[in-house]
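Student: Residue numbers (my numbering), protein chains in the order written: chain A, 14 to 233; chain B, 1201 to 2050.
In this text, a Cβ means the ideal position worked out from N, Cα and C, and glycines have one as well.
None of these values were measured; they are calculated from a predicted model.
Have a look at the structure that comes next, please.
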Amino acid sequence: MILELKQIQKSFEQPRSGTIQVLNNINFSVDAGETVAITGHSGSGKTTLLSLIAGLDLPDTGQILLDGENLCQMKENQLARFRALKIGMIFQQFHLMPHLTARENISLPLEILKQDNIRRRVDEMLEKIGLTDRQHHVPAQLSGGENQRVAIARALIITPKLLLADEPTGNLDIQTGNKIAALLFDLVEKENKTLIMVTHNLVLADQCQQVWKLEQGSLG
Amino acid sequence: MLWMTLGVRDLLKNKGFSFFFVLNLSLGLAGFIAIHSFGRSLDRHFDTNLKEILTADLVVAANRAIAAKDLERINSFLGNDYTHSRQVSFYSMIRTTIRNQAHTRLVRVMAIDNSYPLYGAFEMAQGSTPTDLQTRPYVFMSTDTAYALGLEPGSGKNSTLDIGEQAFILKDHVVSDPENSLTSFSFAPRIYIGIDQLDRTGLIRYGSRIWVSHFYRLAPDTDADQISKRLKDRFSQLYKDQPPYYIYTSNDVNRRLGRLTRYFTSYMGLVSVVTLFLAGIATAYLFRGYLNLKRKEMAILMSVGGSKQSIWFYISFQLILLGTAASFLATLASFFIIPAFPMIFKGLIPDNVILSVSPSALALAMGLGMAGSMIFCLPVFIQIFDIKPLMLLRGTPDTATSWLKQVLSLLPGVTAFVMISIYAAGKLKTGLVFVGGFTLAIGVLFLIGQGFVQACKRLSQSRTPVVKIAFRNLYRNQWTSLSIFVTIALGTFLISLIPQVQNGLQTEIIKPDGLKIPVFFLVDIQDEQKAPFVAFMEKQDAIISNLSPMVRGRILKRNNQPFHQRSDESRRRRGRRLEFNFSFRETLDVSETITQGDPISTEYWDWESNTPFDISVEESFAKENKIALNDILEFEIQGIPFTGQVKNFRKVRWNSFQPNFFLLFQNGVLNDAPKTHLAAISQVPMDQRQQLKNRIVDQFPNISVIDVTQMANTILGISNKLSLSIRFMAWLAIAAGLISIFSIARHEAWKNRNQINLLKVLGSEYPAIRAITLIEFGVIGFAAALFAILLSYGFSFGISWYFFDNLWQINGIISILILILTTLICMGTALSASRKVMNTKPIHLLTSGT
C-alpha cells in the first residue's frame, strides 16, 4: 500500500455562509502501481481531496499516510522536500515556467533537488514524450498538447512514488486529450507509477483501474 | 547557482519590467546624487564666497588687544596647520593740505599685516601689495576717497596725508578690497596702512577705541564652526559668561547671507528626500505589480520542490541585481551629467560653480540601490511567505498577509526613510518633520482616495455605456483604483510641494519687488543738515530714500532684568553689546513687514505720561535676545531713562540695502534727541555716480558717502545664484516625479490589457475602448493630481512657515502645468498601451494563460 487516507474531514470558513463541510470522513487506500480516478460534480471536493493528498493543504482531522509517512505531522519545509521527492503533479493549466524552455522546465525539479545525470535523464524523458525536436522552445511557442506533455515529463522526471493529475486533459481538445491520456497511462505503466487523477471525463476515468465518485464530500 | 541563473533568465525575459525598474530606481538615485552633489557643490561655492568675504575661516576680534595668554589658548585649539593674519582698525580724522587748502575727514584706518587677506586679494590700480605698506608709511585708498581728500598717488605734494603724528603717502588706489563691507559696515571710507606703521601714528593709546581682529586660515576640512564653538565655551568659562571676544566663522559672516544659505540647505534637503521618495514609490509600485505576476511562478517552483527560502533568495537576488544595476547606472550617469550641468543648463544654474559628484551621496546611493530596493519593496516582498502551491489547483489567490506582518514590513523602509531624511535635511528635527508630514499626507490621500472611489460608484450610474463601463471599472476594482490614486496623488503631491516652497523662497531671495537697490549709503547726516541736504538732492539726478534718524543708546533692562548680564547662549555667542541704534518712522519701508502684533501708535508720545511708548522689534533680534511681545524694555539715551513696550515684531528684508533698524520707537520719543541721519540714494546713472559723490562731498564734507554697489553686487550675485539653483532643483524634482508617474501609469495600463482584449473579443470597437481607457485613466490622473496639488498647498504652507520663516506663495501656473501634465501622462500612457493591445490578436488572450 502506497497511500492511505483515514477519517479525513475538511471544512472551510466562508465569510457569509459560515462553515462548509467539503470532505466528510474520507477513508481509502491505494496500492503501488494502481491507477485511480476521482470523479464528481463541480464543488464536490475533488480538488480539495487532491490538494490534501499532495500535502498542499492539511485536513481538519484524520491521517494521510504516503509511503508509510504521515503528511499531517510534517513541518512545512519537511513536507515541501517530501513532496518534491515523492509526488509528481500535473495541472489542468500546465503551470510551466514561461521563461524556461521545454527542456529547462523538465530539468527544473532535478536541479532544485540537486540530482545527478540530469542531462541524460532529461534526454531520455524528452525522447519518451516525443519532444526532442521541440526541447528548446518556451511554453508560449508550444501547443497545448505539447505543454501538457512537458508538464507530464516534469512530473515524472523525479521518479515519484505517486503521480497526481488534476484534469490533465481538461484544457485540450478531444483528439489531443486522448493522445495525452494515452501517453500518461503508457508512461505510468512502463514506470510502474501510482496515479490518482481528478477528472470530469468519464472516458478517461474508465481507463483507470479504480474509479471513485465523490458526492457531497463523501466517496461513493 | 540554480536560483541565480533562474533569476537572471527571468529578468532577461521580462525586459520591460527590468528596464523600467532599473530606469526608475536609477533616475531616483541619479536625481538624489545630482541634487545632493549640486547642493554640496553650491555649499562649497558659497562657503568659499563667504570665506573670501570674511577673508578667513575663523576670526577672533575684540575692542582691545587680545591678551597673549588668550592668543596662546586660541592657538592650542587650532593645531599646527594654520595661517594667521592680524588687523587693527579704528576711526580717525585725517588731514590733508592740498594747494594750501586743509581737508579733514573721518576715515576708518585699517592697519594690516603682510598675510592679509588669507582668502581673496586686493585688486590695486598699480599692482601694489600689503608688503609695500610695512616698510614705509604708505597708504592705500579707493579713488573716491582720494578724490574726497584731494589726493593723487605718487610722491608729490598732493600725495601726503597726516594720520595722527605720522605723514603717510598715497601709494596706490584700491580697485577692489577684500573687506567689502559685508562683515563690518563702515560708517566712513576705509584706508589701509601697514600694521608695522601703526605705532608711529601715536593714535593707539590706553582707552583708544580700536577693533583688533585675528584672522585664521585652517587646514582644509577643518570644522571651523566646531573650533569656534569650543573657543566660545572656553572663553565663557574663563570670563564667567562675559567673554571680551567676538568669535565668528564664515557661517556667521552675515546675517542675510547666513539666513539665505540656511534656507537653501533646508530646501536642498527637502528636494533630495522628495526625489528619492518619488523613486521609491515608483520602484515599490513596479515591484508590487511584478510580484503579483510572479505569484503563480513561485507557486509552480514550490510545487516542484522549491523551498520558500530558495524562492525568497531567488527574488532577493533579482532585486539586488536590479538595484545594483540601477546604482551603477546612476553613478555612471552622475559622473557624466553633473559636470555637464553648467553646459546643459546654461543660464539655469549659476556660473562659476564647480560641480563635482559628492562621494557621500555616491556611497549612500550605492547602498540604497543595493539594499534600498529590498527595503522599499519589503511590504510586497513578505507576501512571498504567504504564497502556497495550492493556488495552482484552486486557481484563487492565497490568504492575505496579516496586518501585523504588513505593518512590521513597513518598519525597515520607514526607518531607512527617516535616516535618509535626517541625513539629507542635515538636522534630526527637520528630517523628522519631513517624514511626519509625508506620512500624514499619505493618510489624507488615502481618505480622499476612498471618497473618490465612492464618487465613481455614483458616476457609474450614467446612461452612457462608455462612461458607465469606465466608472464601473474604477469602482469595482476599488483597491486597485485606490492604490493607483494614492500613488499618483503622492507623486504629484511631492512634485507640487517643491515649486510652492520654491516660489516663496525665491521671492525672499531676489530683491523685493519695486525696490530700488541703492548706489550710495549716506552716514552721519547731521540734524541741521537734513533740510539743506534734501533741498540739495532735489536738484540732483538721483532719488533719495529712507532718510532715517538714528539715535544711539543702551538697552538697560528687559522686564526688570538687566539686559546685558543674561548668560544665555545667544549672548555668549555675540559677546557683550551695550549700544544699539534706534530710529522712528511714520510708515514702514517696503522692505519691512509686521509679522506679529499690531502697528505701533502713530500718536505723538507724551513725555509726561506714565505709559510706556510702543516699540517695533526686528524678529531675528527679538529671537536672539528672547524678547517677547508686550515685554517692557528700559533704555538710556543720552543719560535719560525711557521705558517702552514691545508692540510688534517686524521682518526686515535686509537685502533691500535700505537703512533699517532692530528697534523702531513710537513717534515723539526720539524726535528731540541729538541724532544723525542715514539715507540711501538710488537710480544714479553709472557715468554720473562719481560726479554726484564728489558734489555731495564738496557740499557736505562731514557726510560719509559709502558706495554700496560692490556690496549690493556681492549679495545680489549670491542671491541670484541661490534663486537660480532653487528653480533648477525644483524642475529636476518635477522631471523625476513625472517619470515616476509615467512608470506607474504605464504599468497600470499594461495590467489592463486583458480587459481591453476581452472588450475587443466581445465586439467593442477601438473608439469605444479608447474612450473607456481615456476616461478611466484621465479621471483617476486628474482627480489624484487635483487633490494632491490642493493638499500640497496646505503642506507647503506648513513647511514654509516652519522652515522658511513664512515665505509662502502659491505658484498657480506650475500647479496647472503639473495637473495637466499628470493627467496627460496617465491618459497618454494608457492610450498607447490600449493601442498596443488593439494590435495584438485576440488569440493572445486565450494563449496567455500558459
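Is Phe1849 of chain B helix, strand or coil by DSSP?
Tutor: Taking the first residue of the second sequence as position 1, residue 1849 of chain B is located at position 649. Of the three classes helix, strand and coil, the one that applies to Phe1849 of chain B here is strand, per DSSP.
Student: Leaving out five residues on either side along the sequence, give the residues of the same chain with a beta carbon under 7 angstroms from the beta carbon of Asn1746 of chain B.
Tutor: As a working mapping, residue 1746 of chain B is identified with position 546 in the second sequence. Same-chain partners within the cutoff: Asp1789, Gln1858, Pro1859, Ala1879 and Ala1880.
Student: List the residues of chain A whose Cβ lies closer than 7 angstroms to the Cβ of Lys1588 of chain B, in chain order.
Tutor: To locate residue 1588 of chain B, count along the second sequence from 1; it is residue 388. Correct list: Leu69.
Student: Between B:Val1288, B:Ala1302, B:Tyr1439 and B:Lys1213, which lies nearest to Ile1404 of chain B when the distance is taken from Cα to Cα?
Tutor: Counting from 1 along the second sequence, the entry for residue 1404 of chain B is found at position 204. Comparing Cα-Cα distances from Ile1404 of chain B to each of B:Val1288, B:Ala1302, B:Tyr1439 and B:Lys1213, the minimum goes to B:Val1288.
Student: Nearest to Val1618 of chain B by CA position, among B:Met1341, B:Val1633 and B:Leu1986, is which residue?
Tutor: Position 418 of the second sequence holds residue 1618 of chain B. For Val1618 of chain B, the nearest C-alpha among the options comes from B:Val1633.
Student: At least one CB of chain A closer than 8 angstroms to the CB of Glu2070 of chain B: is that the case?
Tutor: No answer is possible for residue 2070 of chain B: the residues shown for chain B start at 1201 and end at 2050.
Student: Helix or strand or just coil, what does DSSP make of Arg1970 of chain B?
Tutor: For the purposes of this step, residue 1970 of chain B is identified with residue 770 of the second sequence, where counting begins at 1. Helix.
Student: Grab me the residues of Met1570 of chain B's own chain with a C-beta within less than 8 angstroms of its C-beta, minus the 5 sequence neighbours each way, in chain order.
Tutor: Taking the first residue of the second sequence as position 1, residue 1570 of chain B is located at position 370. Excluding sequence neighbours, Met1570 of chain B sits near Ile1520, Gly1523, Thr1524 and Ser1527.
Student: Is there a Cβ of chain B sitting closer than 8 angstroms to that of Ser30 of chain A, yes or no?
Tutor: Mapped onto the first sequence, residue 30 of chain A falls at position 17. Answer no: the Cβ-Cβ gap between Ser30 of chain A and chain B never drops below 8 angstroms.
Student: Run through DSSP, which three-state label would Ala1267 of chain B get?
Tutor: Translated into positions along the second sequence, residue 1267 of chain B becomes position 67. In this structure, Ala1267 of chain B counts as coil in the three-state DSSP scheme.
Student: Tell me whether Ser1241 of chain B is buried or exposed, calling it buried when 16 or more other Cβ atoms sit within 10 Å of its Cβ.
Tutor: Here residue 1241 of chain B refers to the residue found at position 41 of the second sequence. With 16 or more Cβ atoms within 10 Å of its Cβ, Ser1241 of chain B is classed as buried.
Student: Output needed in chain order: residues of the stretch 52-79 of chain A with a Cβ under 9 angstroms from some Cβ in chain B.
Tutor: For the stretch 52-79 of chain A, which is checked against every Cβ of chain B, the residues closer than 9 angstroms are Thr60, Thr61, Leu63, Ser64, Ala67, Leu69 and Asp70.
Student: Which residues, in order along the stretch 158-190 of chain A, keep a beta-carbon less than 8 angstroms from a beta-carbon of chain B?
Tutor: Here the close residues are Asn160, Arg167, Ile171 and Asp179.
Student: Determine the burial state of Thr1449 of chain B: buried for a count of at least 16 other Cβ atoms within 10 Å of its Cβ, exposed for fewer.
Tutor: For the purposes of this step, residue 1449 of chain B is taken as residue 249 along the second sequence, with counting starting at 1. Thr1449 of chain B is buried by the Cβ-count criterion.
Student: Less than 6 angstroms between C-beta atoms, sequence neighbours within five positions excluded: which residues of the same chain meet that for Arg1295 of chain B?
Tutor: By 1-based counting over the second sequence, the position of residue 1295 of chain B is 95. Closer than 6 angstroms at the Cβ level, and outside the excluded window around Arg1295 of chain B, lie Thr1304 and Asp1362.
Student: Would you mind working out which of B:Lys1605, B:Gly1797, B:Leu1986 and B:Phe1513 sits nearest Met1204 of chain B, comparing C-alpha positions?
Tutor: Residue numbering aside, residue 1204 of chain B sits at position 4 when the second sequence is read from its first letter. For Met1204 of chain B, the nearest C-alpha among the options comes from B:Phe1513.
Student: Can you tell me which of the three DSSP states Ala1302 of chain B falls into?
Tutor: As a working note, residue 1302 of chain B is residue 102 in the second sequence. Residue state, collapsed to three classes: strand.
Student: Could I get the ranges of all uninterrupted alpha helix (DSSP H) runs contained in the stretch 21-96 of chain A, with 4 residues as the minimum, in chain order?
Tutor: Qualifying alpha helix (DSSP H) stretches, in chain order: 59-66.
Student: Going by the CB atoms, is the gap between Leu1562 of chain B and Ala1641 of chain B shorter than 8 angstroms?
Tutor: Your numbering for residue 1641 of chain B matches position 441 in the second sequence. Your numbering for residue 1562 of chain B matches position 362 in the second sequence. For Ala1641 of chain B and Leu1562 of chain B, no; Cβs fall outside 8 angstroms.
Student: For chain A, is any of its Cβ atoms less than 8 angstroms away from the one on Glu1965 of chain B?
Tutor: Along the second sequence, one-based indexing puts residue 1965 of chain B at 765. Chain A, which has no Cβ nearer than 8 angstroms to the Cβ of Glu1965 of chain B, makes this no.
Student: Give the residues of chain A in contact with Ser1507 of chain B, contact being defined as C-beta atoms less than 8 angstroms apart.
Tutor: For the purposes of this step, residue 1507 of chain B is taken as residue 307 along the second sequence, with counting starting at 1. Ordered by position in chain A, the residues that pass the 8 angstroms Cβ test against Ser1507 of chain B are Asn90, Ala93 and Arg94.
Student: Could you please give me the residues that DSSP links to Val1751 of chain B through a beta bridge?
Tutor: Indexing the second sequence from 1 puts residue 1751 of chain B at position 551. BP columns for Val1751 of chain B point to B:Phe1782.
Student: Run through DSSP, which three-state label would Pro1420 of chain B get?
Tutor: The residue labelled residue 1420 of chain B in the question sits at position 220 within the second sequence. Note: Pro1420 of chain B maps to coil in three-state DSSP.
Student: Going by CA-CA distance only, name the one from B:Gly1978, B:Val1686, B:Ser1556 and B:Arg1758 that's closest to Val1644 of chain B.
Tutor: Counting from 1 along the second sequence, the entry for residue 1644 of chain B is found at position 444. Taking only the C-alpha atoms, the option nearest Val1644 of chain B is B:Val1686.
Student: Can you check whether the CB of Ala1262 of chain B is closer than 8 angstroms to the CB of Val1473 of chain B?
Tutor: The residue you call residue 1473 of chain B lines up with position 273 of the second sequence. The residue you call residue 1262 of chain B lines up with position 62 of the second sequence. Contact flag unset, no.
Student: Grouping DSSP H, G and I as helix and E and B as strand, with all else coil, what is Ser1767 of chain B?
Tutor: By 1-based counting over the second sequence, the position of residue 1767 of chain B is 567. Only weak support is given to the placement of Ser1767 of chain B: the predicted model assigns it a pLDDT of 44, under 50, and the question is left unresolved by the model.
Student: Could you check if Trp225 of chain A is buried or exposed, using at least 16 other CB atoms within 10 Å of its CB as the buried criterion?
Tutor: Mapped onto the first sequence, residue 225 of chain A falls at position 212. Buried, by the Cβ-count rule.
Student: Report the partner residues of His1877 of chain B according to the DSSP bridge assignment.
Tutor: To locate residue 1877 of chain B, count along the second sequence from 1; it is residue 677. DSSP, once it has assigned bridges, lists B:Ile1725 and B:Pro1749 as partnering His1877 of chain B.
Student: Sorted by chain position, which residues of the same chain lie with C-beta nearer than 6 angstroms to Met2027 of chain B's C-beta, five sequence neighbours on each side aside?
Tutor: Residue numbering aside, residue 2027 of chain B sits at position 827 when the second sequence is read from its first letter. Hits under 6 angstroms: Leu1974, Phe1977 and Gly1978.
Student: Select from B:Met1574, B:Ser1436, B:Thr1422 and B:Pro1443 the residue whose C-alpha is nearest the C-alpha of Leu1491 of chain B.
Tutor: Within the second sequence, residue 1491 of chain B is the residue found at index 291, counting from 1. Nearest C-alpha to Leu1491 of chain B: B:Met1574.
Student: Any residues in the stretch 1482-1515 of chain B with a beta carbon nearer than 9 angstroms to a beta carbon of chain A? Which ones, in chain order?
Tutor: Of all residues in the stretch 1482-1515 of chain B, Lys1496, Glu1497, Ala1499, Ile1500, Leu1501, Met1502, Ser1503, Val1504, Gly1505, Gly1506, Ser1507, Lys1508, Gln1509 and Ser1510 have a Cβ within less than 9 angstroms of some Cβ in chain A.
Student: Leaving aside the five residues before and after Arg96 of chain A along the sequence, list all residues of the same chain whose C-beta is less than 7 angstroms from its C-beta, in chain order.
Tutor: By 1-based counting over the first sequence, the position of residue 96 of chain A is 83. Answer for Arg96 of chain A: Ala67 and Gly68, listed in chain order.
Student: In the DSSP assignment, find the unbroken alpha helix (DSSP H) run with Glu1819 of chain B in it and report its ends.
Tutor: Here residue 1819 of chain B corresponds to residue number 619 of the second sequence, with the count starting at 1. Taken as a continuous stretch (DSSP letters only), the alpha helix (DSSP H) holding Glu1819 of chain B covers Glu1819 to Glu1824.
Student: Kindly identify the DSSP beta-bridge partner or partners of Ile209 of chain A.
Tutor: Here residue 209 of chain A refers to the residue found at position 196 when the first sequence is read from its first residue. According to DSSP, Ile209 of chain A bridges with A:Val49 and A:Leu177.
Student: In the stretch 126-145 of chain A, which residues sit with their C-beta less than 7 angstroms from some C-beta in chain B, listed in chain order?
Tutor: Flagged, chain order: Leu126.
Student: Please determine, among B:Gln1654, B:Gln1334, B:Val1222 and B:Gly1651, the residue with the shortest C-alpha to C-alpha distance to Leu1398 of chain B.
Tutor: For the purposes of this step, residue 1398 of chain B is identified with residue 198 of the second sequence, where counting begins at 1. Ranking the options by Cα distance to Leu1398 of chain B, first place goes to B:Gln1334.
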